[in-house]
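What follows is a single structure, written as structure tokens, with notes after it.
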Amino acid sequence: MADALLTVQGLGKRFGGFIALDGIELEVRAGERVGLIGPNGSGKSTLVNCLSGIMRNEDGTVRFDGATLDGLPAHRRTRLGLARSFQLPKPFGSLSVAENLRIPLLYTVDGRNGVHLGERDIAARCDELLAMVALDGKARARPRDLTQIEMRKLELARAMAAAPKLLIADEAMAGLSHSEVDDIIALLFKLNESGIAVILIEHIMRAVMSFSERLVVLVAGRKIADGLPQDVVRNPEVERAYLGE
Amino acid sequence: MKHLHFWLAVGLCVILVFAASRLVTNDYFFFAGYVVLQYIVLATAWNILGGYTGYINFGTSGFFAIGAYSSVVLHKLWGPPIPVLILVGGVLAGAVGLGMGGLTLRLKGVFFAIGTLALAIVVQTFITNWDFVGGSRGVYIIRPASVPLLGTYIHYLFFVMLVLSGFALAVARTIERSTLGYGLAAIRDDEQAAEAAGVPTLKLKLISTTISGALMGMAGAPLPYYVTYLDPTSGFNLAYAVNAIAMPLIGGTTSWVGPLLGAVFLGTIQQAATVTISSSLNLLFVGVLLVLFVVIAPHGFIGWFRPRRRREVA
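If you're matching them up, the sequences are chains D and G in order.
Going by the working numbering, the letters in the first sequence line up with residues 82 to 326, in that order.
Going by the working numbering, the letters in the second sequence line up with residues 255 to 568, in that order.
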């Protein structure tokens with residue numbers, strides 16, 4: 082695919098003698114919704130960490146939106162438009178909810194393409210993001226006063242504040258109730274409709290199946306399936322990985 | 255410029271305090287006041303790295319002594335006026351801060367703290383074995399008896415330190431309210447999340463160690479003229495490192511007001527205790543107060559005036 086937004090070629094990551102990821106090939110088109118699943122310890126989070134620059138992959142290259150990301154620190158990747166949320170929310174605890182969103186606005190959007198954000202632009206954009214995730218009443222609250230789902234929403238809103246082209250949502254729904262999961266899925270669909278490609282990493286199959294256009298399966302550091310969700314879940318190799326022999 | 259008002263207000267405060275000090279006839283006031291002002295600079299400088307960025311520096315005395323000994327060297331070579339000494343001390347200590355940051359900022363938490371302590375010891379060993387600046391014997395500085403317009407030399411030193419503390423506070427507040435300040439706060443709260451939010455953490459940490467180190471060096475530069483006899487034991491005194499940590503903690507670390515309150519409070523108590531009770535007892539006060547404040551005011555003085563955490567009712 083020539084028009085791929087993200088291209089991963091032969092990506093490998095080792096921890097000492099342990100091979101966490103081996104020869105991962107992956108492409109994501111602009112505006113695509115991709116589900117990434119795999120059993121615990123299969124390397125999903127390691128892949129996210131390598132893509133977002135928190136970890137360095139030893140082998141392979143990652144290309145994003147025409148640029149090669151190899152060796153770039155995480156903050157440069159975020160500025161290029163590759164944003165992520167963390168599996169365990171990592172809010173800036175001493176700042177208010179609105180200030181949490183201010184950080185990516187100041188450091189990624191401000192100054193990008195010569196656009197300078199004034200104080201009023203930043204406040205307006207914060208309000209917009211908070212309204213999007215239905216946290217508008219909590220702008221002045223501290224993260225520690227938020228509920229679990231609100232914390233997840235803040236995590237997504239902060240990733241969105243960087244105005245990304247691709248959002249990697251790392252288990253944004255783990256531990257949430259049925260209706261809360263629906264909430265987050267609806268939110269992710271809304272983001273996707275605005276043109277942002279989404280990689281959804283998730284254990285909750287109901288969420289993955291309803292959201293993804295394409296499903297990628299990792300097992301023990303290797304990609305074993307990549308295709309339409311209905312086909313992938315019927316793949317015998319995938320069944321074996323999840324259900325055993 | 256949104257910070258201009260604050261800088262003007264600080265300038266006005268400096269003039270007012272100095273004008274008020276002209277009414278004081280006892281020179282001891284200036285000697286004691288100098289020490290308190292010096293601690294305002296040190297505590298504020300420490301807080302830029304320790305409070306804003308979340309990296310604990312145990313090496314304050316090292317940076318402070320770099321400023322002091324750079325003045326000794328310049329005094330012996332050429333003898334420039336004190337503002338020049340402050341500038342040179344600041345540049346040197348800032349450069350050491352930058353270098354230290356480059357070497358140690360990949361360390362986190364307690365390992366970084368140990369690294370800074372090691373730096374102070376390395377600098378002390380170097381100075382102790384450098385004959386030109388007196389080595390372990392120490393060095394005498396002959397200062398002029400008086401200065402035109404200001405009267406005795408200690409009035410001049412007091413004025414210099416007053417201006418410097420105003421400068422340090424204005425720098426700290428400017429950082430706090432700027433993009434840099436938000437970036438530092440993000441680093442303090444969660445470094446990975448800060449990177450993911452686009453904050454260039456390494457660069458910002460280096461800026462922070464440089465500014466913090468430079469201000470400490472500036473605070474140390476006039477020291478040889480204040481003490482007139484400087485040896486490594488007094489220049490690298492542990493009290494500087496301990497106080498520079500205790501004062502922001504007692505005042506509060508998240509705002510420029512904290513180190514100011516902490517330094518004035520603790521510095522004044524120490525000066526009073528030195529003359530009324532015992533000169534060796536004043537560090538004990540630091541310990542006792544620190545324990546007390548951890549219990550009654552875990553966020554320092556400023557924690558008392560912050561709005562209590564509100565439970566939002568949905």
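Note that the Cβ used here is the ideal one computed from N, Cα and C, for glycine as well.
Three-way DSSP call (helix, strand, coil) for residue i in this model
i: D:Lys304; result: strand
i: D:Ala164; result: strand
i: D:Ser260; result: helix
i: D:Glu108; result: strand
i: G:Arg563; result: Model confidence at G:Arg563 stands at a pLDDT of 45, short of 50, so the residue's coordinates are unreliable; what they give is reported in the following sentence. Reduced to three states, the DSSP call for G:Arg563 is coil.
i: G:Leu403; result: coil
i: D:Ala250; result: strand
i: D:Leu117; result: strand
i: G:Val278; result: coil
i: G:Asn256; result: Per the sequence shown, the amino acid found at residue 256 of chain G is Lys instead of Asn. Coil, per DSSP.
i: D:Phe145; result: strand
i: D:Ala101; result: strand
i: D:Val178; result: helix
i: D:Ala295; result: Sequence check: residue 295 of chain D is Arg here, not Ala. Strand, per DSSP.
i: G:Tyr306; result: helix
i: G:Leu484; result: strand
i: D:Val196; result: coil
Below-8 Å beta-carbon distance, residue i vs any chain D residue
i: G:Gly304; result: no
i: G:Asp281; result: no
i: G:Thr314; result: no
i: G:Glu430; result: no
i: G:Pro454; result: yes
i: G:His259; result: no
i: G:Ala551; result: no
i: G:Gln446; result: yes
i: G:Gly437; result: yes
i: G:Thr298; result: no
i: G:Thr370; result: no
i: G:Val567; result: At G:Val567, the pLDDT of 36 sits below 50, so the modelled position is not reliable; the number obtained from the coordinates is stated separately. So, not an interface residue.
i: G:Ala286; result: no
i: G:Arg427; result: no
First and last residue of the uninterrupted alpha helix (DSSP H) at residue i
i: G:Leu456; result: 455 to 474
i: G:Phe285; result: 281 to 301
i: D:Arg206; result: 200 to 213
i: D:Lys234; result: 229 to 242
i: G:Thr379; result: 363 to 382
i: G:Gly355; result: 336 to 358
i: G:Gly512; result: 511 to 530
i: D:Pro317; result: 317 to 324
i: G:Arg442; result: 433 to 443
CB contact below 8 Å: residue i versus chain G
i: D:Phe145; result: no
i: D:Ile184; result: yes
i: D:Ser175; result: yes
i: D:Arg233; result: no
i: D:Met82; result: At D:Met82 the pLDDT is 47, less than 50, meaning the model places this residue with poor confidence and gives no usable figure here.
i: D:Arg201; result: no
i: D:Pro154; result: yes
Check: residue i C-beta below 7 Å from any heavy atom of the ligand MN
i: G:Gln378; result: The ligand MN is absent from the structure shown, which contains no ligand whatsoever.
Host beta strand (DSSP E) of residue i (start-end)
i: G:Phe490; result: Segment: none, G:Phe490 is in no beta strand (DSSP E) and carries neither H nor E.
i: D:Ile135; result: Premise fails: D:Ile135 is in no beta strand (DSSP E) and is neither H nor E.
i: D:Ala278; result: 278 to 282
i: D:Gly88; result: The residue you asked about is not Gly; residue 88 of chain D is Thr in the sequence shown. Taken as a continuous stretch (DSSP letters only), the beta strand (DSSP E) holding D:Thr88 covers 85 to 96.
Of the residues the options, the one placed nearest residue i, counting alpha carbons only
i: D:Ser177; options: D:Ser260, D:Asp226, D:Asp312; result: D:Asp226
i: G:Ile556; options: G:Ala451, G:Leu352, G:Gly505, G:Val278; result: G:Gly505
i: G:Glu449; options: D:Glu209, D:Gly104, D:Leu153; result: D:Leu153
i: G:Thr508; options: G:Val290, G:Ala299, G:Asp281, G:Thr279; result: G:Ala299
i: G:Leu339; options: G:Val350, G:Tyr323, G:Leu352, G:Gly351; result: G:Tyr323
i: G:Asn301; options: G:Ile408, G:Ser462, G:Gly363; result: G:Ser462
i: D:Arg223; options: D:Lys304, D:Pro172, D:Leu128; result: D:Pro172
i: G:Thr370; options: G:Ala526, G:Tyr306, G:Ala495, G:Pro552; result: G:Ala495
i: G:Ala526; options: G:Val264, G:Ile429, G:Arg427, G:Phe285; result: G:Phe285
i: D:Ala215; options: D:Glu236, D:Ala111, D:Leu107, D:Val319; result: D:Glu236
request  = Say whether the segment 534 to 552 of chain G touches the segment 500 to 510 of chain G, bearing in mind that this needs 3 or more beta-carbon pairs closer than 8 Å, one atom from each stretch.
outcome  = The segment 534 to 552 of chain G vs the segment 500 to 510 of chain G: in contact.
request  = Give a yes or no on contact between the segment 300 to 309 of chain D and the segment 118 to 138 of chain D, applying the rule of three or more CB pairs nearer than 8 Å.
outcome  = Cβ pair count under 8 Å is three or more, so yes.
ask   = Looking at C-beta atoms only, is the number of pairs between the segment 224 to 241 of chain D and the segment 164 to 179 of chain D that lie closer than 8 Å three or more?
value = Pairwise C-beta distances place the segment 224 to 241 of chain D in contact with the segment 164 to 179 of chain D, as three or more of them are shorter than 8 Å.
key: the segment 469 to 487 of chain G in contact with the segment 515 to 523 of chain G per 3-pair CB rule at 8 Å   = Contact between the segment 469 to 487 of chain G and the segment 515 to 523 of chain G is absent, with fewer than three C-beta pairs closer than 8 Å.
key: Stretch-stretch touch, CB-based, cutoff 8 Å, three pairs: the segment 274 to 284 of chain D with the segment 91 to 101 of chain D   = Because the criterion of three Cβ pairs below 8 Å is not met, the segment 274 to 284 of chain D and the segment 91 to 101 of chain D do not touch.
query = Do the segment 126 to 145 of chain D and the segment 96 to 114 of chain D make contact, defined as three or more Cβ pairs closer than 8 Å?
reply = Enough Cβ pairs lie closer than 8 Å, so yes.
Stretch pair the segment 280 to 296 of chain G + the segment 335 to 354 of chain G: three plus CB contacts closer than 8 Å = With contact defined as three or more Cβ pairs closer than 8 Å, the segment 280 to 296 of chain G and the segment 335 to 354 of chain G are not in contact.
message = Counting beta carbon pairs with one atom in the segment 414 to 424 of chain G and one in the segment 354 to 365 of chain G, are three or more of them shorter than 8 Å?
response = A contact is defined here as three or more CB-CB pairs under 8 Å, and the segment 354 to 365 of chain G fails this definition with respect to the segment 414 to 424 of chain G.
key: At least 3 beta-carbon pairs within less than 8 Å: the segment 373 to 381 of chain G vs the segment 257 to 270 of chain G   = The segment 373 to 381 of chain G is not in contact with the segment 257 to 270 of chain G.
query = Would the segment 180 to 188 of chain D and the segment 436 to 450 of chain G be scored as touching if the rule is three or more Cβ pairs under 8 Å?
reply = The segment 180 to 188 of chain D makes contact with the segment 436 to 450 of chain G, as at least three CB pairs between them are under 8 Å.
query = Using 8 Å as the threshold, is the segment 327 to 346 of chain G in touch with the segment 472 to 491 of chain G, meaning 3 or more CB pairs across them?
reply = These segments touch.
ask   = Does the count of Cβ pairs from the segment 283 to 294 of chain D and the segment 246 to 258 of chain D closer than 8 Å reach three?
value = Enough Cβ pairs lie closer than 8 Å, so yes.
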